[in-house]
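Undergrad:
Residue numbers (the working numbering), protein chains in the order written: chain S, 1 to 343; chain B, 344 to 667.
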């Protein structure tokens with residue numbers, strides 16, 4: 001269950017990459033909090049800044065090539081002010097991360113067990129065989145059958161789901177407080193996806209940690225997240241609890257995302273894609289970055305950038321529409337969408 | 344693993360026989376070869392050895408002595424049979440045993456090949472890794488300019504310039520006084536250092552570019568990000584990257600060394616090193632077929648052997664190719 005302890009607080013984070021073509025504003029004024037015991041879902045299309053946010057928090061963005069400002073407070077400590085060595089000391093120990101493609105994330109030339117042992121030994125001095133025993137325990141804990149044999153296996157001898165389990169085992173080596181999962185199920189079969197999500201959820205409960213789950217799949221978030229942040233063009237469009245965002249979404253972009261999920265209970269209806277494509281992060285549209293694709297845009301949208309504040313809808317969103325308009329428009333869109341439902 | 348090695352060994356022998364067959368085809372069967380297409384149905388080579396305006400009987404005699412009167416396939420079979428036992432025939436001119444001559448010349452070629460290859464390996468890998476780690480730095484740019492110059496300079500040109508500069512000009516090097524390592528190591532080194540550098544230069548440049556490219560590519564791999572994400576020190580991250588980036592270098596090095604052990608024709612010529620390459624050039628000049636055949640087969644054997652070793656080593660280095 002989510003607690004009140006704030007693990008990670010991001011305040012007005014900006015990550016800009018100067019390139020030959022211009023300044024890429026990958027993250028542009030982002031603020032959110034993650035509590036211990038909760039799964040915080042970050043949703044958005046590719047290039048919306050989800051991954052960059054988390055990589056920056058871990059110190060994995062190349063700071064020589066990025067301008068980073070704002071604050072990333074982890075248990076009260078600003079990660080952006082830490083030295084490389086201090087950050088390294090936290091990585092894998094107090095904050096761990098797993099990635100999208102388990103096929104590419106493990107070093108193909110090293111045994112899986114040795115890679116986990118390495119993760120253990122880098123932060124904790126102990127005899128190698130003791131670390132190996134610990135690694136085998138971890139493999140067992142994430143549900144890898146015959147962990148003692150599998151310990152000696154190479155990544156290519158593992159299936160995709162098993163590799164992601166191994167990655168999770170590695171991430172858990174030091175009982176971190178925060179686990180960042182960057183699209184952990186995208187590369188996996190649907191059945192395996194469910195298992196991995198379940199495992200992440202179990203890990204969260206048993207280790208009482210905070211999880212940031214990055215995904216472009218609202219369905220994944222609906223399954224396991226307690227809080228949801230919808231990101232668009234490096235900014236937050238909407239931020240709330242899962243129930244709020246799914247039942248009373250406030251931002252037209254969130255509406256678009258919800259409408260593009262297929263639903264079994266509305267057979268025969270057509271999926272509604274969001275018109276257009278995500279903007280270039282160099283030439284972000286002025287005002288609300290979503291306005292060129294928004295069917296409900298009106299006068300201030302292309303000039304004033306809406307802040308992420310509670311406009312009376314119960315949770316914060318970044319859209320100029322009044323709360324009455326939002327309720328009305330969403331109700332209409334819902335009605336249109338479920339018109340053909342066979343009951 | 345064992346099965347894999349055995350299978351590869353057997354294939355190596357098949358390959359070697361195919362190489363001998365193609366050499367035979369070129370030198371004996373194709374027009375202008377040693378086969379019996381001269382007037383009177385006798386071998387041109389036999390005529391060559393029988394002296395000016397020989398009597399036909401003498402030519403026949405020579406043919407018989409050299410075995411050229413037999414059908415080509417018989418000659419081929421005999422040659423293969425002997426070659427597999429290590430006997431590459433005897434020189435037409437001097438009756439010297441080709442195998443023995445090759446083995447006597449081997450140390451010179453091996454000195455050149457190992458010395459040069461170690462230099463280029465050290466330089467190439469060193470420069471490549473440092474360039475990749477210090478990407479975009481002055482050091483990186485400078486190294487890559489060096490590499491560009493290196494790959495653009497052919498050995499025969501560089502070698503002649505080197506001889507011109509160090510032998511004729513500065514006179515700190517004496518061309519053409521090869522001494523075996525076992526006789527006088529100091530003199531051996533004095534003679535070998537320049538050919539080593541000349542031969543190593545181009546390859547060092549190629550290796551440096553390859554290693555740098557590999558390193559940069561590997562550094563973008565997800566598993567390197569994983570290594571950082573688990574908090575490894577940069578030194579360990581680099582070790583992870585090197586493991587992947589240098590594995591292909593092993594392959595390339597093995598093959599290059601194998602090729603070189605079969606004779607460094609140009610460098611041996613320029614620096615008067617009495618090695619296999621030099622032997623081959625002499626044989627071609629005097630149309631000494633057994634030696635041409637012998638050096639070709641010898642060189643091919645090295646390349647095939649190097650391929651085999653490289654594949655076995657690769658299987659040991661990359662777990663994904665094991666037992667395949």
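A virtual CB, placed ideally from N, CA and C, is assigned to each residue, including glycine.
Between the Cα of residue 433 of chain B and the Cα atoms of B:451, B:408 and B:457, which residue gives the shortest distance?
TA: When only C-alpha atoms are compared, the closest one is B:408.
Undergrad: Taking only beta-carbon atoms, is residue 675 of chain B less than 7 Å away from chain S?
TA: Summary: the structure shown does not reach residue 675 of chain B, with chain B confined to residues 344 through 667, and so no result is reported for it.
Undergrad: Rounding to the nearest angstrom, what Cα-Cα distance links residue 237 of chain S and residue 121 of chain S in this structure?
TA: 41 Å
Undergrad: Measure the CB-CB distance between residue 98 of chain S and residue 171 of chain S and report whether it falls below 7 Å.
TA: yes
Undergrad: Within a Cβ cutoff of 7 Å, which residues of the same chain sit near residue 152 of chain S, ignoring the five residues on either side of it in sequence?
TA: 111 and 113
Undergrad: Give, in chain order, every residue of the stretch 52-63 of chain S whose Cβ lies closer than 7 Å to some Cβ of chain B.
TA: 58 and 60
Undergrad: Does any residue of chain S have a CB that is nearer than 7 Å to the CB of residue 657 of chain B?
TA: With 7 Å as the cut-off, residue 657 of chain B does not count as an interface residue toward chain S.
Undergrad: Measure from the alpha carbon of residue 35 of chain S to the alpha carbon of each residue in S:89, S:10 and S:330, then state which is nearest.
TA: S:10
Undergrad: Per DSSP, residue 215 of chain S is paired with what?
TA: Answer is S:43.
Undergrad: Of all the options B:468, B:594, B:616 and B:659, which has the alpha carbon lying nearest to the alpha carbon of residue 646 of chain B?
TA: B:594
Undergrad: When the distance is taken between beta carbons, is residue 649 of chain B closer than 7 Å to residue 598 of chain B?
TA: Yes, Cβ-Cβ distance for residue 598 of chain B and residue 649 of chain B is below 7 Å.
Undergrad: In the DSSP output, what is residue 316 of chain S paired with across the bridge?
TA: S:310
Undergrad: Should residue 477 of chain B be flagged as near chain S, meaning a C-beta pair shorter than 7 Å?
TA: Chain S contact via Cβ: absent.
Undergrad: Name the chain S residues that come within less than 9 Å of residue 575 of chain B, Cβ to Cβ?
TA: 88, 91, 92, 118, 119 and 122
Undergrad: Three or more C-beta pairs closer than 8 Å, one from the stretch 596-611 of chain B and one from the stretch 484-494 of chain B: is that the case here?
TA: The answer is no - the stretch 484-494 of chain B does not touch the stretch 596-611 of chain B, with fewer than three Cβ pairs under 8 Å.
Undergrad: What first and last residue would you give for the beta strand (DSSP E) that runs through residue 57 of chain S?
TA: Residue 57 of chain S -> not in any beta strand (DSSP E); alpha helix (DSSP H) instead, spanning 50-57.
Undergrad: Just list the residues that DSSP pairs residue 232 of chain S with in beta bridges.
TA: S:235
Undergrad: Of all the options S:251, S:209 and S:175, which has the alpha carbon lying nearest to the alpha carbon of residue 229 of chain S?
TA: S:251
Undergrad: In the DSSP assignment, find the unbroken beta strand (DSSP E) run with residue 9 of chain S in it and report its ends.
TA: 6-19
Undergrad: Establish whether the CB of residue 421 of chain B and some CB of chain S are separated by less than 7 Å.
TA: no
Undergrad: Residue range of the beta strand (DSSP E) that residue 348 of chain S falls in?
TA: Absent from the model: residue 348 of chain S. The displayed extent of chain S is 1 to 343, so no value can be given.
Undergrad: Would you say residue 99 of chain S lies against chain B (beta-carbon separation less than 7 Å)?
TA: yes
Undergrad: What do you get for residue 259 of chain S, buried or exposed, if any count of 16 or more other CB atoms within 10 angstroms of its CB means buried?
TA: buried
Undergrad: Determine the chain B residues that contact residue 108 of chain S at a beta-carbon separation under 9 Å, and present them in chain order.
TA: Ordered by position in chain B, the residues that pass the 9 Å Cβ test against residue 108 of chain S are 566, 587, 661, 662 and 663.
Undergrad: Quick test of your reading: residue 511 of chain B and residue 534 of chain B, contact by CB under 8 Å. State the CB separation rounded to the nearest angstrom.
TA: About 16 Å separates the two Cβ atoms, so there is no contact after all.
Undergrad: Any beta carbon of chain S sitting closer than 7 Å to that of residue 448 of chain B?
TA: no
Undergrad: At a CB distance below 7 Å, what residues from the stretch 137-165 of chain S approach chain B? Give them in sequence order.
TA: 154 and 156
Undergrad: Could you name the residues of the stretch 168-182 of chain S whose beta carbon sits closer than 7 Å to any beta carbon of chain B, in the order they occur along the chain?
TA: Along the stretch 168-182 of chain S, the positions whose C-beta sits under 7 Å from a C-beta of chain B are 170, read in chain order.
Undergrad: Suppose you measure from the CA of residue 256 of chain S to the CA of residue 294 of chain S; what does that come to, to the nearest Å?
TA: 9 Å
Undergrad: Distance, Cα to Cα, residue 487 of chain B vs residue 469 of chain B?
TA: 13 Å
Undergrad: Below 7 Å on C-beta distance, what does residue 578 of chain B contact in chain S?
TA: Those within 7 Å of residue 578 of chain B in chain S number zero; the least Cβ separation is about 11 Å.
Undergrad: List the residues of chain S whose Cβ lies closer than 8 Å to the Cβ of residue 428 of chain B, in chain order.
TA: Near residue 428 of chain B there are no residues of chain S at all, since even the closest Cβ is about 41 Å away, more than 8 Å.
Undergrad: Leaving out five residues before and five after residue 240 of chain S in sequence, what residues of the same chain have Cβ atoms less than 6 Å from its Cβ?
TA: 315
Undergrad: Could you list which residues in chain B have their beta carbon closer than 8 Å to that of residue 105 of chain S, in chain order?
TA: Close partners of residue 105 of chain S in chain B (Cβ separation under 8 Å): 565, 566, 568 and 569.
Undergrad: Going by DSSP in three states, residue 179 of chain S sits in which element: helix, strand or coil?
TA: The three-state reading of DSSP puts residue 179 of chain S in strand, counting E and B together.
Undergrad: Hey, quick one: how far does the beta strand (DSSP E) through residue 60 of chain S stretch, first residue to last?
TA: Residue 60 of chain S -> no beta strand (DSSP E), and no H or E assigned at all.
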